[in-house]
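Taking it in order: structure first as C-alpha cells, then the write-up.
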Amino acid sequence: MKKYVFGNPVKTGAVVKEVLESEDEISVFHLSEVQDGLEFSCRMGERDVVYGLGEQVRGINKRGFSYISYASDDPIHTENKHSLYGGHNFLILYRADAPDGKSFGVFVDDPGKVVFDVGETRRDLLLIRTGKDCVVYVTEGDSLKDLAKQFRELVGQSYIAPKWAFGYQQSRWGYLNESDVREVVENHRKHGIPLEAVYLDIDYMKDYKDFTVDEERFPDFQGFVEKMRREGVHLVPIIDAGVKIEKGYPVYEEGVRENYFCREENGENFVGAVWPGKVHFPDFLNAKARTWFGGKYRRLIEQGIDGFWNDMNEPAIFYSEKNLKKVLDEISSIKDDNLDLNDFFHMQEIVEGLCNHPEDYKSFYHDMDGVKVRHDKVHNLYGFYMTKAAAEAFDQIAPNQRILLFSRSSYIGMHRYGGIWTGDNESWWSHLLLSIQQMPSLNLCGILYTGSDLGGFGSDATEDLLLRWMAFAIFTPLMRNHAAAGTRRQEAYQFEAVESFRSLIRIRYALLPYLYSEYMKAALSDELYFRPVSFDYPKDRHAFFVEDQLMVGESIMIAPVYTQNAAGRYVYLPEEMLLVRMRSDKERTYQVLSKGHHYIDVSLKEAVFFVKKDHMLPFAVLEEDVRTTQDVSPERIVWIGFADKEAEYVLYEDDGVSKRYAPKEDWKTIRLKKEEMEGF
Ligand code: GLC
Numbered sequence: 151m152k153k154y155v156f157g158n159p160v161k162t163g164a165v166v167k168e169v170l171e172s173e174d175e176i177s178v179f180h181l182s183e184v185q186d187g188l189e190f191s192c193r194m195g196e197r198d199v200v201y202g203l204g205e206q207v208r209g210i211n212k213r214g215f216s217y218i219s220y221a222s223d224d225p226i227h228t229e230n231k232h233s234l235y236g237g238h239n240f241l242i243l244y245r246a247d248a249p250d251g252k253s254f255g256v257f258v259d260d261p262g263k264v265v266f267d268v269g270e271t272r273r274d275l276l277l278i279r280t281g282k283d284c285v286v287y288v289t290e291g292d293s294l295k296d297l298a299k300q301f302r303e304l305v306g307q308s309y310i311a312p313k314w315a316f317g318y319q320q321s322r323w324g325y326l327n328e329s330d331v332r333e334v335v336e337n338h339r340k341h342g343i344p345l346e347a348v349y350l351d352i353d354y355m356k357d358y359k360d361f362t363v364d365e366e367r368f369p370d371f372q373g374f375v376e377k378m379r380r381e382g383v384h385l386v387p388i389i390d391a392g393v394k395i396e397k398g399y400p401v402y403e404e405g406v407r408e409n410y411f412c413r414e415e416n417g418e419n420f421v422g423a424v425w426p427g428k429v430h431f432p433d434f435l436n437a438k439a440r441t442w443f444g445g446k447y448r449r450l451i452e453q454g455i456d457g458f459w460n461d462m463n464e465p466a467i468f469y470s471e472k473n474l475k476k477v478l479d480e481i482s483s484i485k486d487d488n489l490d491l492n493d494f495f496h497m498q499e500i501v502e503g504l505c506n507h508p509e510d511y512k513s514f515y516h517d518m519d520g521v522k523v524r525h526d527k528v529h530n531l532y533g534f535y536m537t538k539a540a541a542e543a544f545d546q547i548a549p550n551q552r553i554l555l556f557s558r559s560s561y562i563g564m565h566r567y568g569g570i571w572t573g574d575n576e577s578w579w580s581h582l583l584l585s586i587q588q589m590p591s592l593n594l595c596g597i598l599y600t601g602s603d604l605g606g607f608g609s610d611a612t613e614d615l616l617l618r619w620m621a622f623a624i625f626t627p628l629m630r631n632h633a634a635a636g637t638r639r640q641e642a643y644q645f646e647a648v649e650s651f652r653s654l655i656r657i658r659y660a661l662l663p664y665l666y667s668e669y670m671k672a673a674l675s676d677e678l679y680f681r682p683v684s685f686d687y688p689k690d691r692h693a694f695f696v697e698d699q700l701m702v703g704e705s706i707m708i709a710p711v712y713t714q715n716a717a718g719r720y721v722y723l724p725e726e727m728l729l730v731r732m733r734s735d736k737e738r739t740y741q742v743l744s745k746g747h748h749y750i751d752v753s754l755k756e757a758v759f760f761v762k763k764d765h766m767l768p769f770a771v772l773e774e775d776v777r778t779t780q781d782v783s784p785e786r787i788v789w790i791g792f793a794d795k796e797a798e799y800v801l802y803e804d805d806g807v808s809k810r811y812a813p814k815e816d817w818k819t820i821r822l823k824k825e826e827m828e829g830f
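Using our numbering, read the sequence shown as starting at 151 and increasing by one per residue.
This is how it looks when you write it as C-alpha cells:
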C-alpha cells in the first residue's frame, strides 16, 4: 500500500492503518494540476474492468460514465445522475490486458467533491479530479480479492449489527401512532409472517424535533417499546440531522448556547429548512458537538430503543433562509411583467434550485477542533460524523451491546460505525436491478450492513415487483420494506399473494445460519459478503461481464429475476453448479447444471440460488410458528451441498447481541460426506 499526500489535507478518519508517506512519485497515474485541484489519469485497456465507488448509479463494472462524490439528497436515481447520497472514493482497475500494467486499487481520501470519469470523456481514459489537498492510497496486485482485502485492512473493520437486525423489518413513512404500529405487528403475526422490527419515521416526534416523542401519539412510549419487545419486535426511530429552531426546545437552546451549530462567515448560525421547518445543523465535525449530540440518544436507549436510522445528513437542505429570500425577491420583482419563455423557465429553475444549492454548502463553516473549515471542502464527512457521534455515544451508554445503526449519507470510514440504506429509490424494475448492482460496490467500500428500500420507496409497488424484490432481498443483510407516504401500501399482507410472501420471508429465516455466519466472517476478516462473479472466477473472461448475478458468501451465487412479466431468466454458470429451487422452506428441489448459459424458469413464488462445486451451507429447519430470529434454532440444521465426495464449511456462531465476537479459533470447520448432505 502506497500513500501519497498532496497539499494540506484535513484528517478525515477514513483510514485506521499507519502507512508511511511514499517518497516516490505516484506511478500508476499521470498527475497534473488543473484549476482548483489535481487530475490523476491513466489509460485503460479495452477489456479492463473498474469495480467499486460504492453507492452510485449504473452497473457493477463502472466503465462508461462519470461519477461525482458529493453527497446529494436526490430522490430520482436515474442513470443520468452523477451523485447519490454517499462519497465512496475507492475503485479497483482490473487489467485484463497485462501489457498496460498491473491491476490496482485506489482510494482518494478527499471529503470534498471528487470526480471519477471512468471512460466517459474518452473510453480508454480513467480520470480522477480531486481538490488540491488530498491523500491518495494505491495498492497494486493481481488478485481482485486480495486488492479488496488490502483496502479493507487500511480502513478498518466493518460495522457489526445485532443478529435481530438480520430479520425481516417493516417500515413506512406514515405510521403515525401506537395503533398504526400495533396493526402492522398484528397483521404480520396473523399471517404467520416473521417480523423483527417496525420503523418509526418522522411522525413519532413532536413537530419533527429530534429526541422528542409526540405524547399524544405515544402516551407511554417506554411501556409501548417494552410491550413490542415482548412481542419480539424492535422499534427503530429515525433521527434527522437538522435541529428545529424553536424557543424553549432544549436541543436547540443548548446548541445555540454552546456554539454547537454550523456557522456562517459572520459567526451567525446557518439557517436551512428541512422537515421541521427552519433548522440549525449540528457541527458534527466538532468533537464537543459530537459528544453532545451523541449523548441525546441516551434517553431513547433508556426507554428500550436499540436501533436507529440517521437521515437527511448530506445534509439535505430544502432551502436556506438567505437563498429563499433572494429567490422570492427576484420573483416579486417580475410579478407584473409579461414573462417570456426564458424568464419563465429561469423562474422555475431558481425555485427548483433552492434544494441542496451548491452555494449554500459554501456558506457555512465547521469548527474542526479549532480549525475553521468551509463546509463544501468536507461535505462528504457530514453523515459519517453524525453516525460516528451516535456510535461513540453508544460505546459509552451500552459498551458491550450491539445497537442497530445505519445512515443515509456516508463516507468511507463510516462503515466502521454503521451501515447504510440506499435512500429514496422507486418502485421500478430498474431500481431492483440497481439495488443488485450496488451491493458488491458498497461491500468493496467496506459497507456490509446494507440494503435498499424493498419494494421501492417512491411510486406504487405492484405485487409481482414486490415478490421479485423480496426474492432478492432475502440475501441482503438489511431486509427492510419501506415506502413513502402517499404511495400504495406495500406490507406483505396487503397483497393476494400473502402466502408467497410468507414463504419467501421464511426462506430468509431458514437461510439465517448461513447468511449471518457469512456476514460475520466477512466483517471480521475484512472480506466481501457480496462479490462480483469474477472475484471467484478470475480466469473466466465471461465472468467479468456478468452484471446481474452475485456471489453471496463462500458457497452460493444468486441470479435474481428483475424484469416484469418474466417467466425466468438466463443465468451464466462459471462452473458446474447445483441449482436449489425453493417453493417454501420445506419444499426444495435440486438440479445439477453444467458450466455455461442456461435459461432458468423461476415462478413468482420461488426463490432460487446456486451452490458452488464442493461447497455446502447450513439451512435451518423452521417450526410452523417462527416469528423472529430467536425462534431459529442453531441445533436444527440440514446441510445443503454439492460435492463429488465431501465438502467443508466454516460456521460462525455467537450470541448475536454482545460485542464478544467469536475469535477465529472458535469458528467450527464442518466436513461432511456427500451422503450426509441434502442436494442432488
Ligand atoms: C427521507 C428518507 C426516507 C424517509 C423520509 C421521511 O426521504 O430518505 O426514508 O421516509 O425522509 O422521513
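Think of the CB as a built atom: it goes at the ideal place given N, C-alpha and C, for glycine as much as any other residue.
Please report how far the alpha carbon of residue i lies from the alpha carbon of residue j, in whole angstroms.
i    : j    : result
M462 : L555 : 15 Å
K313 : S219 : 32 Å
H581 : A623 : 13 Å
K359 : P400 : 10 Å
Y511 : D526 : 5 Å
Y599 : P590 : 12 Å
I706 : Q185 : 48 Å
R105 : V429 : Nothing about residue 105 can be reported from this structure: the residues present for the chain run from 151 to 830 only.
R367 : Q699 : 44 Å
W442 : I570 : 23 Å
Y201 : L241 : 6 Å
S602 : L584 : 9 Å
V752 : M732 : 10 Å
Q551 : Q453 : 15 Å
R197 : H238 : 24 Å
L141 : R524 : With the chain running from 151 to 830 in the structure shown, residue 141 is simply not present.
A539 : D545 : 10 Å
With the cut-off set at 8 Å, would you say residue i and residue j are in Cβ contact?
i    : j    : result
L345 : I455 : no
D351 : S321 : yes
T572 : G608 : no
E290 : K340 : no
G533 : A246 : no
D259 : Y287 : yes
F769 : L594 : no
H507 : D433 : no
R831 : F514 : The question about residue 831 has no answer, for the chain in this structure spans 151 to 830.
G806 : Y740 : no
M536 : A437 : no
For residue i, which beta-bridge partners are listed by DSSP?
i    : result
W571 : G601
Y515 : R413, R524
I218 : V265
S470 : G422
L241 : G202, V256
N715 : DSSP lists no partner for N715.
G187 : V184
Y349 : V386
S808 : Q551
In this structure, does DSSP put residue i in helix, strand or coil?
i    : result
I562 : coil
Y354 : helix
E303 : helix
L280 : Here residue 280 turns out to be Thr, not Leu, going by the sequence shown. T280 falls in the strand class under three-state DSSP.
Y720 : strand
E171 : strand
V155 : strand
Y740 : strand
W314 : helix
H632 : coil
S580 : helix
N530 : helix
A797 : strand
F401 : Phe is not the amino acid found at residue 401; the sequence shown has Val there. Residue state, collapsed to three classes: helix.
N337 : helix
D461 : strand
P768 : strand
Given the structure, does residue i come close to the ligand PLP, in the sense that its CB is under 7 Å from one of the ligand's heavy atoms?
i    : result
I570 : Annotation note on the ligand PLP: not contained in the displayed structure, which lists the ligand GLC as its ligands.
Does any CB atom of chain C fall closer than 8 Å to the CB of residue i?
i    : result
I467 : Looking at the structure shown, chain C is missing, and only one protein chain is on hand.
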